[in-house]
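Please read the structure below before turning to the comments.
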Amino acid sequence: MTENIDPVTAQGTIYADECDHMGHFNVAAYTRRFDEATWAMWSGLGLSVEVMERDRIGIAALESRLTYHKELFPGQTIRTRSRVITLGGKTAGFHHRMYLVEDRDGAEVETLSATCTYTVACLDRTARKARVWPDEIAARVKARVRPLEEGAPA
Numbered sequence: 031m032t033e034n035i036d037p038v039t040a041q042g043t044i045y046a047d048e049c050d051h052m053g054h055f056n057v058a059a060y061t062r063r064f065d066e067a068t069w070a071m072w073s074g075l076g077l078s079v080e081v082m083e084r085d086r087i088g089i090a091a092l093e094s095r096l097t098y099h100k101e102l103f104p105g106q107t108i109r110t111r112s113r114v115i116t117l118g119g120k121t122a123g124f125h126h127r128m129y130l131v132e133d134r135d136g137a138e139v140e141t142l143s144a145t146c147t148y149t150v151a152c153l154d155r156t157a158r159k160a161r162v163w164p165d166e167i168a169a170r171v172k173a174r175v176r177p178l179e180e181g182a183p184a
């Protein structure tokens with residue numbers, strides 16, 4: 031297993047009400063959990079609710095791609111790690127990896143269960159259109175950009 035250096039942006043336990051009639055973690059639940067990780071990541075990069083309200087900016091999703099690697103079930107612990115993979119003048123790309131967290135012989139092991147890649151635009155919430163990233167946010171994001179490794183699960 032490759033060492034995980036991406037920061038943890040969400041962690042929790044899967045509940046039965048997040049599962050479908052086949053008993054596994056539902057598509058809507060994956061999306062909700064990735065959304066939680068998204069907002070934690072952006073807040074950690076300085077784009078908090080307070081900043082968004084003060085500056086009347088936001089984020090608009092342009093594209094998302096969710097890929098499933100391993101089924102998840104109620105009671106299991108999951109952890110999401112996130113990274114910014116691209117930064118443009120008005121857009122950014124980021125990637126989440128959701129892991130099943132298990133204890134194996136006293137060692138914590140993360141097994142990839144799903145990935146989600148997003149492209150977003152910085153949004154002027156008054157004009158309702160894309161705008162350039164504020165300088166302070168752009169600088170923080172730029173410092174954290176780490177493209178995906180070639181051949182990495184997308």
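Taking this note's numbering, I'd label the letters of the sequence shown as residues 31 to 184. All residues carry an ideal CB built from backbone N, CA and C; glycine is no exception.
Residue i to residue j, Cα distance in whole Å?
i: Arg127; j: Val162; result: 27 angstroms
i: Gly118; j: Val81; result: 20 angstroms
i: Ile115; j: Thr61; result: 19 angstroms
i: His51; j: Pro104; result: 12 angstroms
i: Glu93; j: Thr121; result: 11 angstroms
i: Arg134; j: Glu140; result: 10 angstroms
i: Asp65; j: Gly136; result: 31 angstroms
i: Glu179; j: His125; result: 12 angstroms
Between the options, which lies nearest to residue i when the distance is taken from Cα to Cα?
i: Thr156; options: Trp69, Ala91, Arg84; result: Arg84
i: His99; options: Ala144, Leu77, Glu93; result: Ala144
i: Ala182; options: Gly118, Thr147, Gly88, Leu92; result: Thr147
i: Gln41; options: Glu80, Glu93, Arg95, Ser112; result: Ser112
i: Arg109; options: Asp165, Thr68, Ala168, Arg158; result: Thr68
i: Gln106; options: Thr43, Pro37, Val171; result: Thr43
i: Trp72; options: Gly88, Ala59, Val57, Arg63; result: Gly88
Taking all protein chains shown into account, decide if residue i is buried (16 or more other Cβ within 10 angstroms of its Cβ) or exposed.
i: Arg123; result: At residue 123 the sequence reads Gly, which differs from the Arg that was named. Result: buried.
i: Thr39; result: buried
i: Val150; result: buried
Would you list the residues sitting across from residue i in a DSSP beta bridge?
i: Ser94; result: Tyr148
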